[in-house]
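A.B. asks: Sharing a structure below in C-alpha cells format, with a few things to ask.
There are 2 protein chains.
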Amino acid sequence: MNNFTWFIPTIVMFGKGTATKIGDQIAGIGAKKIMLIMGGQSVFKSGAYEQVAESLKRNKIEFIEMTGVKSNPRVEFVREAIARLAVTPVDVIVPVGGGSVYDTAKAIAAGAKYNGDIWDLVKGKASISKTLPVMGVVTASATSSEMNNIAVISNHETEEKLSFTSPLLYPRLSIIDPELQYTLPERQTVAGGIDAMAHVMERYFEGNEIPELLWDQHEVFLRSMLRCIPRLRANPRDYDARAEYAWTAALCHNGSLSCGLKNRGDFSSHKLGHALSLFYDTPHGDSLSIMMPAWIEYVSKFNPLPLERFTKNIMGLDELRSTFRSWGAPVTLREIKVPECDIERIVDNVAKLGPIGTFKILEREDIIEITKISW
Amino acid sequence: MNNFTWFIPTIVMFGKGTATKIGDQIAGIGAKKIMLIMGGQSVFKSGAYEQVAESLKRNKIEFIEMTGVKSNPRVEFVREAIARLAVTPVDVIVPVGGGSVYDTAKAIAAGAKYNGDIWDLVKGKASISKTLPVMGVVTASATSSEMNNIAVISNHETEEKLSFTSPLLYPRLSIIDPELQYTLPERQTVAGGIDAMAHVMERYFEGNEIPELLWDQHEVFLRSMLRCIPRLRANPRDYDARAEYAWTAALCHNGSLSCGLKNRGDFSSHKLGHALSLFYDTPHGDSLSIMMPAWIEYVSKFNPLPLERFTKNIMGLDELRSTFRSWGAPVTLREIKVPECDIERIVDNVAKLGPIGTFKILEREDIIEITKISW
C-alpha cells in the first residue's frame, strides 16, 4: 500500500428535498449575492431551478445567472463569466447542473480571483492561490466534480481538453437530490454511469499492485452501477436506484478509490476520449464506452492479471461491450460516424500530450493500435 | 436510501514516515506551543515519541506533555489537562496514540474552550461552540477517532461511559503511519480489529432496510479485517496487512458506512460492552467480542434476514465466535471472570440508558436475555 493524503472538505447534503436548503446554506456563510451557473433547459424541466430560486429568494440572496454551459464546457464561457464578475462581484458561485456545470463553476471561482487569463491556470502556468466558494446543486451525477478538486475545460482555439486540480477547487457544499435526476434523458443516465464506471476502471487497471481492499472497493462500485443502470432504464423514477447511482458516482472519483495506489489511476481512456469530445463533441460517457474497452483489450496483452480478475469477479471484456451496447451506448468509433481517415488526427491530438498512462506507457504507436481497435 | 449529510473535514496523511511531518503541519497553521497527549510506554517502544518530538523541535514548537491515558479513558485525566491549560495555554492538542488517546485529546480540546466542567459537554447539558484544533498521530488503529467527531469518556463516580459528538470534534489532521503499529501486542491488534468489525456490524445489523451498496461496502471491510488479523498474528511487521488494517479501521467508523441508513447504526453491542469496560476495565475490543455475537444471536430471532445474508456472504455466527476465539479473544463473560451474580449489575447499568438499539428496541428484559447468552 502506497502513501497517500486523504482530504475531502466538501459538505455533501444528500437526499429528497435537499435542494430547497441551498439558500439557507449560502446565507449561513454570510453571502448576500451569488452567481448561478446552469446548462440548458433541464434545470427547468427537473424543477431544480424553481427550488433553488425560491430558496435563494426566501433567504434574500441576490443572484445573477449564467446559462448555457454545454457538455465538454468551454473556456470562452468561463471567460465571459469572469468578465461579468469584474463588473458585478459576487460572494459565491452556485452551479446547478451536472459535471460540466460544476467544472465551469470551479474554473470561474478560480479565475475570478486570478489576475490574468483563466487558461494559464488550466495549463498550470500559474497556480491557484485563492478562489470564490462554490456551493452547488447536482442535477446529473457522473463526474464526482461535486466532491472533488478537478475541473475539465476545453479550448477549441488550441485544440485542448485539459483537467486541472487544486485543493482550493473542492466545492464548499454540494447538494445531491436524486429526485432532480428523474427527468434526465436515458442516454445521459447511461453515459453518466459509464463515466463513473470508467473512473473506477482507470484505477482498477492502473497496472501497479493494487491492495486487495481497494480492488474489493472498486468492484462494489462497478456492481452498483451495473445494478442501477438497468433499473433506471426500466423506471427513471426509481428513487432507490437514482440515489444509489448518484452516491456511487460521487464516490467513484472523489479520490477515495485511489488511496494506497501507486498512481491515482491510469486515465488513458479519459485522455483518448477527450480527443473525441474535442473534435466531434462526443459526450464524455460515449467517448469512454468506445475507448475504455479498446484500451483494456490492448494493454491487457502486456499484463493479463487485472483483466483476469475483472473477468472472474465482474464480467469479461466482450460482455462489458455488449452490456454497454444493450444500454444504447456506442462501443466503436464507426457507430458515432468518425471517418476512418480521422484516426490520424485523433492519434495526433492524444500523442501531443506525450507518452500517457501507467498500466502501459503509451507511445504514439500504442495509441494508433488502440484507436484502430476502437474503430 | 435515506437522506444524509456527509462531512469529514480531517486531513489524513497515511503511510511510511509520515509521523515525521507532524511538526511541519503544526507549524503550517502558525502554532507555536502544543500539548502532547499520550498513553503509556508504547509510544516509546514504537518510536513514535522520538519521531514526533524530533519533528516538533525541528519546527521550534514548544510542547508540554500529559502521559498516562488508559484504555476506557477517564474524565479525571481530561479535567487535569484542562486545569493545566488554564495556567499554560497552547495552540493545538496533539494526541499520539490510539482511540483512547484521541478521545481524551478531543475532550481536552473542547473542555479548554468551555467555561464549566467538561462532563456537562459529555452529557450534552451544554453544547460545544469552540475547540482547540486537534492534530495527531495514530499509533493503534481501531476506533476511527482519528477521522470522526466522536469521543467516549468514562466517569467512575457516576458509573457512566458515554460518547459525545460535535462537528467541531473532527481532528484537523491525523497522521497514520502503519509502521508505528509493528510493536503493538497481538492482543491489541486483535481487539482493535474486532472493534472495527463491530463498527461495521452495528450498521449491518441496524435492522432497517439497508441499501445494497451499503451492505456491499460493509462486507468489503469485514473481509478486510478477517484477512488482515491472521496475517498480523503471523507477522506483526507485515506492512501491507498493517496498512490495510489501519485504513480499514479508519473507514469503519468515520460515518461513510452509515450514508443512506435510517439510523447511523444500532450500537447496542457497544452500549452493552461499555458496562463491562466500566466495571471490569475490560478492553473495548474484548467487550465487543463477547457482547456482539450474543446480541446478534438474540435480535436475529426477531428478524433473521441480516444474519442470513451475513452467513451467506461472510460466515455463520458460530464461525464468527470460533474465529474470535482462534485469535485469542474472549467470547463469553465467564472467560473474563465476570461472576454470574454480576449479571444484574451489568443489566442495571445498561438499562438505565433507557431502551436502546434500532434492530430491536431493547428493554430491560431483552438486555437480561442478551447478557445471559453472553455469559
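First to last, the protein sequences are chains Z and Y.
In terms of our numbering, the first sequence opens at residue 1 and continues consecutively.
In terms of our numbering, the second sequence opens at residue 1001 and continues consecutively.
Think of the CB as a built atom: it goes at the ideal place given N, C-alpha and C, for glycine as much as any other residue.
Just so you know, these numbers come straight off a predicted model, no measurement behind them.
Consider the Cβ of D1216/Y: report whether some Cβ of chain Z lies at a distance smaller than 8 Å.
C.D. replies: Chain Z, which has a Cβ nearer than 8 Å to the Cβ of D1216/Y, makes this yes.
A.B. asks: Cβ-heavy atom distance between P1304/Y and the ligand ATP below 7 Å?
C.D. replies: Among the ligands in the structure shown, none appear at all, so the ligand ATP cannot be discussed.
A.B. asks: Buried or exposed: where does T158/Z fall if 16 or more other Cβ atoms within 10 Å of its Cβ makes it buried?
C.D. replies: Burial call: exposed.
A.B. asks: Please classify D1177/Y as buried or exposed, where buried requires at least 16 other C-beta atoms within 10 Å of its C-beta.
C.D. replies: Looking at its Cβ environment, which holds 16 or more other Cβ atoms inside 10 Å, D1177/Y is buried.
A.B. asks: Does the region 1346–1361 of chain Y come within contact of the region 1262–1273 of chain Y, defined as at least 3 CB pairs closer than 8 Å?
C.D. replies: Yes: at least three Cβ pairs fall under 8 Å.
A.B. asks: So the beta strand (DSSP E) L1162/Y belongs to, where does it begin and stop?
C.D. replies: Here the beta strand (DSSP E) through L1162/Y covers E1160 to T1165.
A.B. asks: Mind listing which residues of the region 15–31 of chain Z have their C-beta closer than 9 Å to chain Y's C-betas, in chain order?
C.D. replies: Those residues of the region 15–31 of chain Z that come within reach of chain Y (Cβ to Cβ, closer than 9 Å) are G15, K16, G17 and T18.
A.B. asks: Is the region 116–130 of chain Z touching the region 44–62 of chain Z, taking contact as three or more C-beta pairs under 8 Å?
C.D. replies: No, the region 116–130 of chain Z is not in contact with the region 44–62 of chain Z.
A.B. asks: State the Cα-Cα distance for the pair Y298/Z and F324/Z, rounded to the nearest angstrom.
C.D. replies: Those two C-alpha atoms are separated by around 18 Å.
A.B. asks: Residues of chain Y with a CB under 8 Å from the CB of C259/Z: which are they?
C.D. replies: The contacting residues are F1014 and W1247.
A.B. asks: Please specify which runs of the beta strand (DSSP E), each continuous and at least 3 residues long, are wholly inside the region 1101–1158 of chain Y, giving them in chain order.
C.D. replies: Entirely contained in the region 1101–1158 of chain Y, the beta strand (DSSP E) runs reaching 3 residues are, in chain order, 1135–1138 and 1150–1155.
A.B. asks: If you measure from the beta carbon of I1008/Y to each beta carbon in chain Z, is any gap under 8 Å?
C.D. replies: Output row for I1008/Y: interface = yes.
A.B. asks: Since D1240/Y meets chain Z, which of its residues come closer than 8 Å, beta carbon to beta carbon?
C.D. replies: Result: M1 and P211.
A.B. asks: Let me know the secondary structure DSSP gives K1045/Y once reduced to three states.
C.D. replies: K1045/Y falls in the helix class under three-state DSSP.
A.B. asks: If I'm right that E1274/Y touches K1106/Y with Cβ under 8 Å, what's the distance once you round it to whole angstroms?
C.D. replies: According to the sequence as given, residue 1274/Y is His; it is not Glu. The Cβ separation is near 17 Å, so there is no contact.
A.B. asks: Please report whether the beta-carbon of I11/Z lies at a distance below 8 Å from any beta-carbon of chain Y.
C.D. replies: By this cut-off, I11/Z is an interface position.
A.B. asks: With DSSP run on the structure shown, which of helix, strand or coil describes I61/Z?
C.D. replies: I61/Z: coil per DSSP, three-state reduction.
A.B. asks: Just the chain Y side, please: which residues come within less than 8 Å of E65/Z by C-beta, in chain order?
C.D. replies: Correct list: empty, because the minimum Cβ distance to chain Y is about 27 Å.
A.B. asks: Looking only at its own chain, which residues have a Cβ that is under 7 Å from the Cβ of G111/Z, when we skip the five neighbours before and after it?
C.D. replies: Contacts found: V78, I82, I118 and L121.
A.B. asks: Using the C-alpha atoms, what's the distance from L1251/Y back to S145/Z?
C.D. replies: The alpha-carbon atoms of S145/Z and L1251/Y are separated by roughly 22 Å.
A.B. asks: Does DSSP put P95/Z in a helix, a strand or coil?
C.D. replies: Here P95/Z sits in strand by DSSP.
A.B. asks: Using 8 Å as the cut-off, can you tell me whether the region 274–292 of chain Z makes contact with the region 34–54 of chain Z, which would need three or more C-beta pairs spanning the two stretches below that distance?
C.D. replies: The region 274–292 of chain Z vs the region 34–54 of chain Z: no contact.
A.B. asks: Which word fits G1316/Y, buried or exposed, when buried means at least 16 other C-beta atoms lie within 10 angstroms of its C-beta?
C.D. replies: G1316/Y comes out exposed.
A.B. asks: Starting from the C-beta of S71/Z, find all residues in its chain whose C-beta is less than 6 Å away, skip the five residues before and the five after it, and write them out in chain order.
C.D. replies: Correct list, in chain order: S100 and P283.
A.B. asks: Just curious, the beta strand (DSSP E) that S174/Z is in, first and last residue?
C.D. replies: L173 to I176 is the span of the beta strand (DSSP E), which, as asked, contains S174/Z.
A.B. asks: In whole angstroms, what separates the C-alpha of W963/Y from that of N1254/Y?
C.D. replies: Outside the displayed range of chain Y (1001 to 1375) lies residue 963/Y, so it cannot be described from this structure.
A.B. asks: Which class does F1359/Y belong to by DSSP, given the choice of helix, strand or coil?
C.D. replies: Three-state result, F1359/Y: coil.
A.B. asks: Cα separation between L1036/Y and M1066/Y?
C.D. replies: Distance between the alpha carbons of L1036/Y and M1066/Y: 6 Å.
A.B. asks: Would you mind stating whether N149/Z and P167/Z have Cβ atoms separated by less than 8 Å?
C.D. replies: Cβ atoms of N149/Z and P167/Z: closer than 8 Å.
A.B. asks: Examine the Cβ distances between the region 10–26 of chain Z and the region 130–139 of chain Z and report whether three or more of them are shorter than 8 Å.
C.D. replies: Yes: at least three Cβ pairs fall under 8 Å.
A.B. asks: Buried or exposed: which applies to F1014/Y, given that a residue is buried once 16 or more other Cβ atoms fall within 10 Å of its Cβ?
C.D. replies: Result: buried.
A.B. asks: Which residues does DSSP pair with L36/Z in a beta bridge?
C.D. replies: Looking at the DSSP assignment, L36/Z forms a beta bridge with E65/Z and V94/Z.
A.B. asks: Flag V1347/Y as yes if its beta-carbon sits less than 8 Å from any beta-carbon of chain Z, otherwise no.
C.D. replies: By this cut-off, V1347/Y is not an interface position.
A.B. asks: Of all Cβ atoms in chain Y, is any one closer than 8 Å to the Cβ of V200/Z?
C.D. replies: No, no contact with chain Y.
A.B. asks: Just to confirm the assignment, what range does the beta strand (DSSP E) spanning T1189/Y have?
C.D. replies: Here T1189/Y belongs to no beta strand (DSSP E); instead the alpha helix (DSSP H) covers E1186 to Y1204.
A.B. asks: Using only the alpha-carbon positions, how far apart do P330/Z and G260/Z sit?
C.D. replies: Roughly 33 Å between the two C-alpha positions.
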